[in-house]
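Just so you know, the sequence shown maps onto residues 1 to 444 in this note's numbering.
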Amino acid sequence: MGTKMRIKLPQAVEEIIGQINDAGYEAYIVGGCVRDTLLKKEPNDWDITTSATPVQVKAIFKRTIDTGIQHGTVTVMKRGQGYEVTTYRIDGAYEDARHPKEVIFTPDLKEDLKRRDFTINAMAYHPDSGLVDPFDGRKDLEAHVIRCVGDPRERFSEDALRMMRAVRFAAQLDYRIEERTWTAMKELAPSIKKISAERIQTEMVKLLLSDHPEQFRNFYQCGLTAHFLPEFDRMMTTAQNHPHHCYTVGEHTIHALSYIRADQSLRLAMLLHDIAKPMTKTTDENGVDHFRGHPERGSRMAEEILRRLKFDNHTINMVKGLVAYHDRRIEPTERAMRSAIHQIGEEYFPALFEVNEADTMAQSGYRKEEKLAAVKEGRQIYQKIKEEEQCVSLRSLAVNGKDLIRAGIEPGQELGMILEQMLQDVIGDPSHNTKEYLMRQYVP
């Protein structure tokens, strides 16, 4: 049945497969772990598929957890780790482009592989019989192709999220999407609306954190963003007739993504930093485009979008801050930098320099070297402030509220005003950050 080849399995996985075989059933590793091993990557998970039913699997092993028993999945605990063991299955009819109406167990491995999304994920392996690859997944791996198993329209009608997964795998692996698969995606793109925001968010983030975030363009080109991020479609069609720019807003954004490191908040900030440009665009009498107020408006839009896509509060706050201040030019002096850190918030530094740099890299050549030099100088000034532990917030002020209360200041508005005056003094001259000086100067 299989092609003879050798994959080194973790000992616990070999033991689980062996125990299931000894009990008279079939068992294989399946899906992503087979794909990753063939690509010489370390798999994140080792999934096992078997002809044994969940009840039979539970009877074989001492320690199991019912993780998804209605879908045929039991987690087997072995050597302190959990391994998902799933019964071969056929999915019943899909009524909502998300879930099968029922799951039917089958004794046939090929029937199980047939229901999977892409050929590269529809391979199984057994240490004795080798690779089982009925849909030429290995060939597609070698050809760098993402192709649906069987009819792509059927696969995408079963679960619309698979369209986003196709784009995501293409980005992670730097592969191309096969033509029939791509055509079906363009046709069925509107059905992505049936998918939960949480699942869409997961695929979007995986793509953004891949080595090829520029493939976000594929979401747009096949019509998916029109339904989960329509604001992006407007960016793609908004020209920027301005000396600083050489792309549409959307293309500038896609290029900027490639210039920033793979961090969730940073990549999302780059995706959304110019999200308000289509709404703020004006053109002057010389035909030059302007986008006044786009950072502030973009910050509000970024928050709305990230909430819609169910992001966590920490990510939302980080991204909306970076979007709000991405165009802020800080005078290259220590005093101006301390003041900016205080006003903007310490949490946005040094990330803001990374955003500035990526934004500049994706612009036209006009004054580019000058702009990049300014970012570099800003970074160096910031670094000096950090190394010298200069005070930029009440947290590092030599005097606190308790000190003022002990000196006879009543808790309330006056106390807060005194602390703020002290802080502004220290931001102006860090040498003033001593308890003696501040108390003598500001406490009557």
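By construction, the Cβ of each residue, glycine as well, lies at the ideal position given by its N, Cα and C atoms. Just so we're clear, the structure is a prediction, and the values are computed from it rather than from any experiment.
Distance between residue j and residue i (C-alpha atoms, nearest Å)
i    : j    : result
C148 : H255 : 29 Å
Y382 : R261 : 20 Å
L271 : V145 : 26 Å
V13  : I316 : 39 Å
Q441 : S431 : 14 Å
M77  : I69  : 15 Å
E26  : F61  : 15 Å
A324 : R176 : 35 Å
G293 : T73  : 52 Å
N121 : Q240 : 42 Å
R180 : P134 : 19 Å
R190 : T119 : Residue identity check: residue 190 is Pro in the sequence provided, not Arg. Those two C-alpha atoms are separated by around 24 Å.
R165 : D211 : 15 Å
L257 : T53  : 46 Å
L438 : I418 : 10 Å
D112 : E154 : 15 Å
D327 : A276 : 13 Å
R89  : F105 : 4 Å
P411 : M422 : 16 Å
D359 : R307 : 24 Å
K8   : D128 : 12 Å
G214 : Q413 : Checking the sequence shown, residue 214 turns out to be Glu, not Gly. Rounded to whole angstroms, E214 to Q413 spans 50 Å at the Cα level.
T183 : E354 : 37 Å
I385 : A373 : 19 Å
P230 : T237 : 12 Å
T253 : E203 : 19 Å
H273 : S265 : 11 Å
P10  : E42  : 11 Å
E370 : C33  : 48 Å
K368 : E304 : 32 Å
G416 : I344 : 19 Å
H242 : M185 : 35 Å
L397 : A351 : 24 Å
A197 : E420 : 42 Å
K310 : F156 : 23 Å
E178 : D45  : 27 Å
Contact set for residue i: own chain, Cβ-Cβ below 6 Å, skip 5 residues either direction
i    : result
M361 : Y259
L161 : I195, R199
V30  : D47, T49, A124
H126 : Y28
T75  : I65, T67, G82, E84
T86  : T49, G72, T73
N356 : V375
When the options are compared against residue i, the one with the closest alpha-carbon
i    : options                : result
T434 : Q390, S339, P350, G412 : Q390
R6   : D66, V30, T37          : T37
Q201 : D211, F219, E158       : F219
Q424 : P444, K310, V399       : V399
L131 : G223, K110, N286, D45  : K110
G80  : T106, T87, R63         : R63
P152 : R116, K386, G345, G365 : R116
S51  : Q11, G24, I385         : G24
C222 : E187, T253, E203, P213 : E187
E388 : P332, D429, I305       : D429
D174 : A197, G150, F156, F216 : F216
T333 : P10, I427, P107        : I427
A269 : H314, H244, D22, G150  : H314
G401 : V443, Q363, E369       : V443
H245 : H290, R234, E436       : H290
A143 : M235, M163, L39, R234  : L39
8 Å CB neighbourhood of residue i in its chain, flanking five on each side removed
i    : result
I330 : A336, M337, A340, G378
Y348 : M318, G321, L322, Y325
H227 : A189, P190, I192, K193
V55  : none
Own chain partners of residue i with C-beta closer than 7 Å, once the 5 adjacent residues on each side are dropped
i    : result
F232 : Y220, T225, G250
S393 : H342, E346
D91  : P100, V103, R115, E158
R267 : L208, L209, P213, L257, I260
D108 : Y88
For the structure I just gave you, are there three or more beta carbon pairs, one from the segment 369-378 and one from the segment 399-408, closer than 8 Å? no
contact_flag[the segment 12-27, the segment 137-146] where n(CB pairs < 8 Å) is 3 or more: no
Would you check if the segment 279-288 and the segment 240-255 touch, i.e. whether three or more CB-CB distances between them fall below 8 Å? yes
Segment contact, 8 Å Cβ cut-off, at least three pairs: the segment 293-302 with the segment 320-335: yes
Any chance the segment 203-213 sits against the segment 155-170, with 3 or more Cβ pairs inside 8 Å? yes
Any alpha helix (DSSP H) of 4 or more consecutive residues that is wholly inside the segment 28-98: 32-38, 54-60
Please give me, in chain order, every unbroken run of the alpha helix (DSSP H) with length at least 4 that falls completely inside the segment 303-381. 313-325, 334-344, 351-361
Fully enclosed by the segment 204-265, which alpha helix (DSSP H) runs are 4 residues long or longer? 216-221, 225-228, 230-236, 249-258
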